[in-house]
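Beneath this line is the structure, given in structure tokens, with notes to follow.
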Amino acid sequence: MGRKPKNQSANNAYQKHSKNTQDKNVFHSKVKMISRLRGMRDILPEEYVRWDEVINQARELFKYYGFLETDIPVLESQSLYEKSTGKQTDVVSKEMFTFIDKDGDKVALRPEATPGVVRSYIEHGMFNRTFQPVKLLWIGNLFRREKPQLGRNRQFSQINVEIFGEASAVADAQLIMLGYQFLKELGVTTQVQVNSIGDSLDREEYVKKLIMYFRDRKIRAKLSVDDKKRLMKNPLRVLDSKDEGTQSALEGAPQLIDNINDEARNHFIKVLEYLDEFDIPYILNPFLVRGLDYYNRTVFEFWPMRGANSGQNADSAESVEEAISRQSALGGGGRYDGLVEFMGGRPTPACGFALGIDRIINRMKEENVPMSSAGQPDIFVAQLGEAAKRQAMTFFEELRKKGYKAQQNFVKDSLKAQLEMAHKIGAKLTLIIGQQELVDKTVIIRDMESGMQEVYAFSRVFEEIDKRLK
RNA sequence: GUGGCUAUAGUUUAGCGGUUAGAACACUGGGUUGUGGUCCCAGAAAUGAGGGUUCGAUUCCCUCUAGCCACCCCA
């Protein structure tokens, strides 16, 4: 009785304090709150439902195709990434979280998974495993110290899929097919872009040709300032520049795909044949090169689909869409035949790709993909009174063991509150056990939609539930 | 890392040199007994932080922080 006014006055007292504090995040407190670091995100329970869905789907699909799940350390030697990903790449040179450990070791938070997986492959002699090729699945988070944006956090999650020890084009094609299929099954339609960047000698030759091409003053003049620099530093990256001038300058440029060796070309043709066979829609993008050092031959990316008619004339609405989707590739990968040997292992052909979980989920939200209701409980167990509560708890456990999806709130004693919760979680039935039911050895079954309820003998309850949930 | 835009309850937001800073959704309590949704009533809850300018700042200016957008790069 006297409780309410007491609370109020207490609240008022707190209120005065909180007026004096500058911290909006703290509820009635003077304590200064520590908030999350820049670019770091919390995943709240409602959203975690989607994460669960994506991750479960990945496990189901890739394991079915023979991929084995592994995990690797968050922290590795800095030199692992410098050597594999490439010291010159932005990922390694600008975006790594690095520090010197107490022993003086230079260590880094993983900005990428492939180097660690390759290291693990070599270190544990996986080329000797019974089942070859070795197909690995990895799901985890990575760290890149970038300026945050939507779909670009400093801690983010990926699904990585790698195949070691298979040189044939089936492997490349199967990966592309799996990535495409995975996204499609999640309700995200994507466009696959593919290209072949040949082998390293091809690229050396090609770069020379490209530089020759840009010797022409008129053509060179069209390049943006950035791209002129890029031409010196990392010429291949000029190819996928977004600058309009650069793109027009590239119109007559020699294409990488025309300058790769016959073996690489045949390999690529086979990849495309398989894709046709699998019925995977893809487009050839001769300018797709990717930014990590270790790729050779096949490279590919998964882009969210923008509008159905992509090849048609672009009006302004479309170009806005394009700009948005350009910013967020959902995944990408390719072949990296030289990496294992380069990292100190046996010569091992390999290929793989990564999918950005955060970006996939953003896309699912944008496309309004409905949340799965797989975990939704259909029974709520309500109780009234101490003795009935105990009975209800036992009963609830029995439901779990029998495989029903039930929910409860034994902490709330009012039936009103319990029914409210039953309604909110979308239960189809509420089972009510009170003092009277306890004595009679019965249970009330309430149909939440109609509001009708009937009493059943305890012995017949499960039978009745089965009937109603069917 | 460079450039731009933004910042009001948990969320979406209204407002503006002087207001009790308004609402919606969500939340809590109530509309007498052991019964949810709809409805009605009530309650709690906000100007990101720090400095200026001003009699007075949530409003104007600066700095910081964070988010978003573009670039860079990438998932």
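Numbering (our numbering), first residue to last: 288 to 757. Heads up, the beta-carbon is just placed ideally off N, CA and C, and yes, glycines get one too. The model shown is predicted, which means the values in this text are computed figures rather than measured ones.
Residue burial classification, residue i (beta-carbon count within 10 angstroms, cutoff 16)
| i | result |
| --- | --- |
| Lys-422 | buried |
| Ala-693 | buried |
| Lys-505 | exposed |
| Ala-679 | buried |
| Lys-703 | exposed |
| Pro-591 | buried |
| Ile-752 | buried |
| Asn-600 | Bear in mind that a pLDDT of 35 at Asn-600, under 50, signals an unreliable position, so the model cannot answer this. |
| Val-698 | exposed |
| Leu-526 | buried |
| Val-586 | buried |
| Glu-724 | buried |
| Phe-418 | exposed |
| Asn-343 | exposed |
| Asp-234 | Because residue 234 is not part of the residues shown, which for the chain are 288 to 757, the question remains open. |
| Asn-572 | buried |
| Ala-661 | exposed |
| Arg-646 | buried |
| Pro-522 | buried |
| Thr-681 | exposed |
| Asp-310 | In this predicted model, Asp-310 has a pLDDT of only 35, less than 50, meaning its place in the structure is not dependable; the value taken from the coordinates is given anyway. The residue in question, Asp-310, is exposed, as its Cβ has fewer than 16 Cβ neighbours within 10 Å. |
| Leu-286 | Coverage of the chain is limited to positions 288 through 757, which leaves residue 286 absent and any answer about it impossible. |
| Met-499 | exposed |
| Ile-330 | exposed |
| Val-726 | exposed |
| Arg-747 | exposed |
C-beta atoms of residue i and residue j nearer than 8 Å
| i | j | result |
| --- | --- | --- |
| Pro-420 | Ile-450 | yes |
| Gly-532 | Leu-510 | yes |
| Leu-642 | Ile-446 | yes |
| Lys-757 | Ala-744 | no |
| Ile-544 | Val-479 | no |
| Ile-409 | Gly-621 | no |
| Gln-670 | Ile-720 | yes |
| Ala-616 | Glu-653 | no |
| Ser-407 | Tyr-581 | no |
| Ile-712 | Pro-664 | yes |
| Phe-555 | Arg-584 | yes |
| Pro-636 | Gly-452 | yes |
| Val-716 | Ile-666 | According to the sequence provided, residue 716 is Leu. The question's Val does not apply to it. Contact: yes. |
| Gln-722 | Gly-672 | yes |
| Ser-444 | Ile-321 | no |
| Glu-369 | Val-379 | yes |
| Tyr-352 | Leu-465 | yes |
| Val-405 | Thr-357 | no |
Pick from the options that is closest to residue i, judged by C-alpha positions
| i | options | result |
| --- | --- | --- |
| Cys-638 | Phe-443, Asp-734, Ser-455, Leu-429 | Ser-455 |
| Arg-439 | Gly-618, Glu-654, Glu-333 | Gly-618 |
| His-411 | Gly-738, Val-627, Thr-476, Val-479 | Val-627 |
| Asp-388 | Gln-365, Gln-375, Lys-350, Glu-369 | Gln-365 |
| Lys-529 | Trp-425, Leu-716, Ile-426, Val-512 | Val-512 |
| Leu-718 | Val-379, Leu-331, Phe-683 | Phe-683 |
| Asp-459 | Lys-676, Asn-415, Val-558, Pro-657 | Val-558 |
| Val-730 | Val-668, Lys-688, Glu-736 | Val-668 |
| Lys-350 | Asp-514, Arg-490, Val-448 | Val-448 |
| Leu-424 | Ala-709, Glu-347, Met-708, Ala-661 | Glu-347 |
| Lys-688 | Asp-329, Phe-749, Lys-374, Lys-495 | Phe-749 |
| Tyr-569 | Tyr-467, Asp-392, Ser-701 | Tyr-467 |
| Ile-648 | Thr-476, Ser-737, Glu-707 | Thr-476 |
| Pro-541 | Asp-645, Val-379, Phe-501 | Phe-501 |
| Ser-519 | Gly-539, Glu-538, Asp-503, Lys-495 | Ser is not the amino acid found at residue 519; the sequence shown has Met there. Among Gly-539, Glu-538, Asp-503, Lys-495, the Cα nearest to that of Met-519 is on Lys-495. |
| Asp-700 | Ala-714, Arg-677, Tyr-691 | Arg-677 |
| Cys-376 | Arg-517, Asp-390, Tyr-691 | Checking the displayed sequence, the identity of residue 376 turns out to be Thr instead of Cys. Of the candidates Arg-517, Asp-390, Tyr-691, the one whose C-alpha sits nearest the C-alpha of Thr-376 is Arg-517. |
| Leu-355 | Leu-367, Met-413, Met-739, Tyr-335 | Met-413 |
| Ile-426 | Arg-747, Glu-538, Ser-380, Phe-640 | Phe-640 |
| Phe-565 | Gly-373, Val-457, Ile-498, Tyr-623 | Val-457 |
Q) Which residue spans inside the segment 512-560 form an unbroken alpha helix (DSSP H) run of at least 4? A) 512-520, 531-536
**Q.** Segment contact flag, the segment 467-475 with the segment 545-552, C-beta cutoff 8 Å, min 3 pairs
**A.** no
**Q.** Whole alpha helix (DSSP H) elements within the segment 694-753, 4-residue minimum
**A.** 702-711, 722-727
Q) Curious, which full-length beta strand (DSSP E) runs of at least 3 residues does the segment 351-407 contain? A) 355-357, 362-364, 385-387, 393-396
Q. Just checking, does the segment 430-437 make contact with the segment 379-392 on the three C-beta pairs under 8 Å criterion?
A. yes
Q: Say whether the segment 575-584 touches the segment 484-497, bearing in mind that this needs 3 or more beta-carbon pairs closer than 8 Å, one atom from each stretch.
A: yes
Q: Would you be able to state if there are at least three C-beta pairs under 8 Å between the segment 394-409 and the segment 350-364?
A: yes
Q) When the Cβ atoms of the segment 320-329 are set against those of the segment 338-347, are three or more pairs found closer than 8 Å? A) no
Q. Residue ranges of each beta strand (DSSP E) run of no fewer than 3 residues wholly in the segment 474-513, ordered along the chain?
A. 477-483
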